[in-house]
Amino acid sequence: MLLKLTFASLYARLLTVSMTVFAISLSLMLYLSVEKLRTSAYTSFTDTISQTDLILGSRTSSIQLLLYSVFRVGNATNNITWESYEEIMNKDEVEWSVPISLGDSHKGFRVMGTNLDFFKRYKYRGGQSIKISEGNYFDDLYDVVLGAAVAEKLKYNIGKSIIVSHGIKSFTDHDDQPFKVSGILEKTGTPVDNTVIVSLEAIEAIHVDWSSGAKIPGQETPIEEIRKMDLSAKNITAAFIGVKSKLTIFKLQRWINEYPEEALTSILPGVALHELWRIIGIVENLLLGISIVVIFTTLIGMSAIIFSSLNERRREMAIWRAMGASPNVIIGILMLEAFIISFLSTLVSSIFLYILLNILQPWIDNTYGILINIELLSFKDLLIFILFIISAMLVSLIPAIRAYWFSINDGMTIKI
Amino acid sequence: MEKSNLNANTIRINSVKFHWSNKNDFKINVPEFNVARGEKVLLLGESGSGKTTLLSLICGFLNPISGDIFLNNETINNLSAREKDQYRCDNIGIIFQQFNLLPYAKVIDNILLPLYFSKTRVQNIKDQKGTAANLCKSLRLPDEVLNMQASKLSVGQQQRVAVARALIGNPPLIIADEPTSALDKSAQSIFLDLMFSQISESHSTLLMVSHDESLSQRFDRVINLDDILKEGD
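Residue numbers (the numbering used here), protein chains in the order written: chain Y, 22 to 437; chain P, 851 to 1083.
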């Protein structure tokens, strides 16, 4: 009877009630989607590089090494000589390694010199490999492979001739040695998408007439001559290393960090990624905090709506009292209302979230490379819902207690 | 209606004093007031004279500062708040001036509402819906009204539904607070005819307050509120 009449009462105030439910649902949805984005961003982020056991670089901080080697952010302070790299590469523990050479750019996109092993060894999102979507990997000295985002933003096709600039932000171009696009990679959602990839030899080739970061005046070696030169790399910026046995990672890491000939650093990418996330994760926490505040605000809003309806419902309370309802029943009725409203809101917000994610998922994946898993409500979501309903009922205690006092003091004198 | 001795009083009030703690100097003082079982009493008084306060005291919504209120020989002012609520729904049918019903609920649910709170009144009837329908029929409410939303009814119909609700389960006492003031003259007399015949049938006691002296001839006894209230400290 009580439930039936409460429903009838809510139904009679359909417009106000549905607007309340709508408002609460939106804020709940906001919270849930931020939470979802947060966890998905974390997974995508930490999955930027996988199955690489160590990253090798010159002596620097682990986050900086991670930033320039994996995310192409910032610069290396020093290079590693090929001799040191070779010595490490030949250690028993090492199963494979991929050298990379950074420092040049093309229209704001980083140019990375490496060898063909990179396409085989670089894994992301739990072991996915890089795939070529058009054309082929580089074959000729002046071939270049573009990341998906580079090709898309610059609208480049296979065969397009491009010029590499010296340094990251510079007006000096290697315009005497144009490259040709030989292949375009599939989208990965990792920084690879924003990278222009050439061979290590090509990096050497474009720097033939350069010394200490500046072009030697008057010197211009023709391309034909360069092709005949020995272009094996003398320096690299960093290297990805895979070990034969995971048990030897720390031993190898220590060995590299204590390498006497040259100041080197090696990092475990997973650990460094986690450290980096701890820094940028602050933004996510901020978002989360904001959405919690939003939920709290709507809860207070709901309480205010119940509150403002109390005066016009004073009459109703008096009727309940005259029929023998104790003041506790009055509290019960209002709490039941809050329960129904908040319960409906959780249902509606789940539907909203599901629709929103289905619409936004491809776009977020394409634009930010964050893959959001659309799944049924997780245990954590349910827990949040239960907590939400409980707090909704607690908040509604405020108007309920007020109604309690109304109903005790009003008696039969009813102000309308 | 036979008038029985004092022990058969439904309402007995003994030197009851009451004043609101917050409201300036309003106070009432009732040295003695009795209503016999089965009696139909009209209490006349202008608005603001303390009628509603007196009814609230009798219904157990308010507690007297001093003195005793007996209903069916039970002192209700000694009951706990919960017991008072229970006593009220078991023994008293209440009809207000206006807006008696939960506007969003169906008429049938409004009529059956007291039964939700009172087991005593449930025991007095066999078929709840049938009884409600019969009461409506006797009060000349059309059958289809039962399943209508209360707010869809005219004021006159709503007041009659309120009578049906007050009477369901045969509570011994009916308290009516100016039930006709919202009705026009012709509707008033139809309403009172129907209400009186139903109350007589259920042998309930009626205490009704009004400011309208013209209603007097229908009642066993007419009392001026001023006569039972005593000015004083």
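Cβ coordinates follow ideal geometry from the N, Cα and C atoms, glycine included. Being a predicted model, the structure only gives us computed values, none of them experimental.
Who are the near neighbours of residue i in its chain, counting only those whose CB is closer than 8 Å to its CB and skipping five residues on each side?
i, result
"P:LEU1042", "THR1030, LEU1065 and ARG1068"
"Y:PRO199", "TYR163, SER182, ILE183 and ILE184"
"Y:ILE237", "ASP230 and TRP231"
"Y:ASN136", "VAL119, PRO120, SER220 and LEU221"
"P:ALA1032", "GLN947, GLN948, VAL1005 and GLN1009"
"Y:ALA284", "SER79, ARG80 and ASN99"
"P:LYS987", "ASP993"
"Y:LEU23", "VAL350, GLY353, ILE354 and LEU357"
"P:SER1054", "GLY888, GLY943, LEU1017, ASN1020, PRO1021, PRO1022, LEU1023 and ILE1024"
Less than 7 Å between C-beta atoms, sequence neighbours within five positions excluded: which residues of the same chain meet that for residue i?
i, result
"Y:TYR32", "none"
"P:LEU856", "Low confidence applies here, because P:LEU856 scores a pLDDT of 46, under 50, leaving its location unreliable and the question unanswered by this model."
"P:ASN974", "GLY1019 and ASN1020"
"Y:LEU365", "VAL42"
"P:ARG990", "LEU1044"
"Y:ALA421", "ILE352, LEU355 and MET356"
"Y:LEU51", "SER312 and VAL315"
"P:ALA1014", "ILE961, ALA982, LEU985, CYS986 and LEU989"
If the criterion is Cβ atoms closer than 8 Å, does the pair residue i and residue j meet it?
i, j, result
"Y:LEU355", "Y:SER417", "yes"
"Y:ILE205", "Y:ALA172", "yes"
"Y:VAL94", "Y:ILE70", "no"
"Y:SER287", "Y:LEU77", "yes"
"Y:PHE66", "Y:TRP298", "yes"
"P:ASN941", "P:ASN922", "yes"
"Y:VAL264", "Y:GLU396", "no"
"Y:GLU296", "Y:THR27", "no"
"Y:LEU377", "Y:SER39", "no"
"P:LEU1056", "P:ILE1078", "no"
"Y:ILE101", "Y:ILE257", "yes"
"P:GLN1048", "P:LEU1017", "yes"
"P:ALA1000", "P:LEU951", "yes"
"Y:ALA223", "Y:ILE247", "no"
"Y:ILE45", "Y:SER324", "no"
"Y:THR37", "Y:ILE326", "yes"
"Y:ALA413", "Y:LEU309", "no"
"Y:ILE380", "Y:SER61", "no"
"P:THR903", "P:LEU912", "yes"
"Y:LYS201", "Y:GLY168", "no"
Write down the C-beta distance between residue i and residue j rounded to the nearest angstrom, noting that I regard them as a contact closer than 8 Å.
i, j, result
"Y:GLU282", "Y:SER105", "6 Å"
"Y:VAL166", "Y:TYR158", "6 Å"
"P:GLU882", "P:ILE863", "7 Å"
"P:LEU962", "P:ALA982", "6 Å"
"P:PHE868", "P:LEU907", "6 Å"
On a Cα-Cα basis, can you pick out the residue from the options that is closest to residue i?
i, options, result
"P:ILE944", "P:ARG1010, P:GLY895 and P:GLU994", "P:ARG1010"
"Y:GLN240", "Y:GLU222, Y:ILE179, Y:ILE395 and Y:HIS228", "Y:HIS228"
"Y:LEU49", "Y:ASN430, Y:ASP402, Y:LEU252 and Y:ILE101", "Y:ASP402"
"P:LEU892", "P:ILE1078, P:ASN1074 and P:LYS1080", "P:ASN1074"
"P:ASP935", "P:ILE958, P:ASP918, P:CYS909 and P:GLU924", "P:CYS909"
"P:ALA1012", "P:SER899, P:PRO953 and P:LYS1035", "P:PRO953"
"P:LEU1003", "P:LYS956, P:PHE1046 and P:LYS890", "P:LYS956"
"Y:SER266", "Y:ILE151, Y:ASP74, Y:LEU47 and Y:ASP68", "Y:ASP74"
"P:ASP1034", "P:ALA1000, P:GLY1006 and P:ASP1077", "P:GLY1006"
"Y:GLY345", "Y:ARG334, Y:ILE429 and Y:ARG275", "Y:ILE429"
"Y:PHE130", "Y:VAL292, Y:ASP214, Y:LEU392 and Y:ILE411", "Y:ASP214"
"Y:ARG146", "Y:GLN72, Y:LYS112, Y:THR193 and Y:SER186", "Y:GLN72"
"Y:TYR425", "Y:ASN332, Y:GLN382, Y:SER412 and Y:MET110", "Y:ASN332"
"Y:SER253", "Y:ALA170, Y:GLU107 and Y:THR216", "Y:GLU107"
"P:LYS1080", "P:SER1060, P:ASN928, P:VAL880 and P:ALA1014", "P:VAL880"
"P:HIS1061", "P:SER897, P:ARG1015, P:ASN928 and P:ARG971", "P:SER897"
"Y:SER233", "Y:GLY124, Y:LEU47, Y:GLU116 and Y:LYS112", "Y:GLY124"
"Y:ASP194", "Y:GLY156, Y:LYS128 and Y:ALA170", "Y:LYS128"
Does the beta carbon of residue i fall short of 7 Å from some heavy atom of the ligand ADP?
i, result
"Y:MET133", "This structure lacks the ligand ADP, and indeed carries no ligand of any kind."
Which same chain residues end up closer than 6 Å to residue i when comparing Cβ atoms and leaving out the 5 residues on each side of it in sequence?
i, result
"P:VAL832", "Shown here, chain P extends from 851 to 1083; a query on residue 832 of chain P therefore has no answer."
"Y:THR367", "PHE406"
"Y:PHE317", "none"
"Y:SER122", "GLY134, LEU221, ILE224, ILE257 and THR258"
"P:VAL995", "VAL957"
Consider the Cβ of residue i: report whether some Cβ of chain A lies at a distance smaller than 8 Å.
i, result
"Y:MET356", "Absence of chain A from the displayed structure is noted, the protein chains being Y and P."
Exercise. What are the start and end residues of each continuous beta strand (DSSP E) run of 3 or more residues lying completely inside the region 51-120 of chain Y, in chain order?
Worked result: Taking 3 residues as the minimum length, the beta strand (DSSP E) runs contained wholly in the region 51-120 of chain Y are 75-79, in order along the chain.
Problem set entry | Every unbroken alpha helix (DSSP H) within the region 1012-1054 of chain P, with a cutoff of 4 residues, ordered by chain | Counting only runs of 4 or more, we get 1035-1052.
Problem set entry | Every unbroken beta strand (DSSP E) within the region 129-165 of chain Y, with a cutoff of 3 residues, ordered by chain | Runs of the beta strand (DSSP E) inside the region 129-165 of chain Y: 130-135 and 153-156.
Problem set entry | Segments assigned beta strand (DSSP E), at least 3 residues, entirely inside the region 901-942 of chain P | Qualifying beta strand (DSSP E) stretches, in chain order: 916-921.
Problem set entry | Every unbroken beta strand (DSSP E) inside the region 946-989 of chain P [3 residues or more] | If we require 3 residues or more, the region 946-989 of chain P turns out to have no beta strand (DSSP E) run fully inside it.
Exercise. Fully enclosed by the region 353-435 of chain Y, which beta strand (DSSP E) runs are 3 residues long or longer?
Worked result: Correct list: empty.
For this session: Please list the segments of the beta strand (DSSP E) lying wholly inside the region 179-209 of chain Y, counting only runs of 3 or more residues, in order along the chain.
Result: Taken in chain order, the complete beta strand (DSSP E) segments of 3 or more residues contained in the region 179-209 of chain Y are 200-206.
Exercise. Which full runs of the alpha helix (DSSP H) of 4+ residues lie inside the region 230-275 of chain Y, going along the chain?
Worked result: When DSSP assignments are scanned along the region 230-275 of chain Y, the uninterrupted stretches of alpha helix (DSSP H) that are 4 or more residues long and fall wholly within it turn out to be 244-249.
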